[in-house]
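Residue numbering for the sequence shown follows the UniProt record's numbering, starting at 1 and increasing by one per position.
For glycine and all other residues, C-beta sits at the position ideal for the given N, C-alpha and C.
Given the structure is predicted, the values throughout are model-derived calculations rather than measurements.
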Amino acid sequence: MNRHASTVRGSERSDEVTENERRGRRVDLSCRVFFFGKDDFEGEAVLVDVSTGGCQISTSETIAVGALLKLSIFLPDHKWPMRVDEVIVRWAQDGRYGIEFTSIRLAQRERLRALVMKGKG
Numbered sequence: 001m002n003r004h005a006s007t008v009r010g011s012e013r014s015d016e017v018t019e020n021e022r023r024g025r026r027v028d029l030s031c032r033v034f035f036f037g038k039d040d041f042e043g044e045a046v047l048v049d050v051s052t053g054g055c056q057i058s059t060s061e062t063i064a065v066g067a068l069l070k071l072s073i074f075l076p077d078h079k080w081p082m083r084v085d086e087v088i089v090r091w092a093q094d095g096r097y098g099i100e101f102t103s104i105r106l107a108q109r110e111r112l113r114a115l116v117m118k119g120k121g
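Here's what the structure looks like:
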């Protein structure tokens, strides 16, 4: 079953994420991330790791678990940031945050898949 073939919305997916998806192939990667939320909430973070379904970021900003954000991720394979339309913060611990991509375009997911496969060889 390929639930990632098109844009996936968080309300339809959040409770359906299987353990295998959550533990999907990840690659350690350090690059800049900008995040944007409601009421002009925004900040900068550092990417810790990434998979096709989400990422971990580190920031000095406080972000609420459950917050919906947009991300701009400055991946090393391109000079322009990759934009993720909607993410949800799933967990927080000591300035690190687990992020699930809840609305991502197919081209973006394929770009992440290629990056992860290259990184894990």
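Beta-bridge partners of residue i, as assigned by DSSP
i: G54; result: E100
i: Q93; result: R96
i: A45; result: V33
i: I88; result: L68, E100
Other residues of its chain near residue i: CB distance less than 7 Å, five sequence neighbours each side excluded
i: F41; result: none
i: G66; result: I88, V89
i: Q108; result: M82, V84
Residue i versus residue j - alpha carbon distance
i: L112; j: V33; result: 15 Å
i: E100; j: I63; result: 14 Å
i: A92; j: E110; result: 27 Å
i: T102; j: L71; result: 11 Å
i: H78; j: G37; result: 24 Å
Own chain, CB closer than 8 Å to residue i, minus 5 neighbours either side, in chain order
i: G119; result: V27, D28, L29
i: D39; result: none
Exposure of residue i, with buried meaning 16 or more beta-carbon neighbours within 10 Å
i: S60; result: exposed
i: G95; result: exposed
i: M82; result: buried
Integer Cβ distance of residue i from residue j, believed to fall under 8 Å
i: C55; j: L68; result: Actually they do not touch by this definition, with Cβ atoms about 15 Å apart.
Beta-carbon contacts of residue i that lie in its chain and below 6 Å, excluding the five residues immediately before and after
i: F35; result: G43, L69, L71
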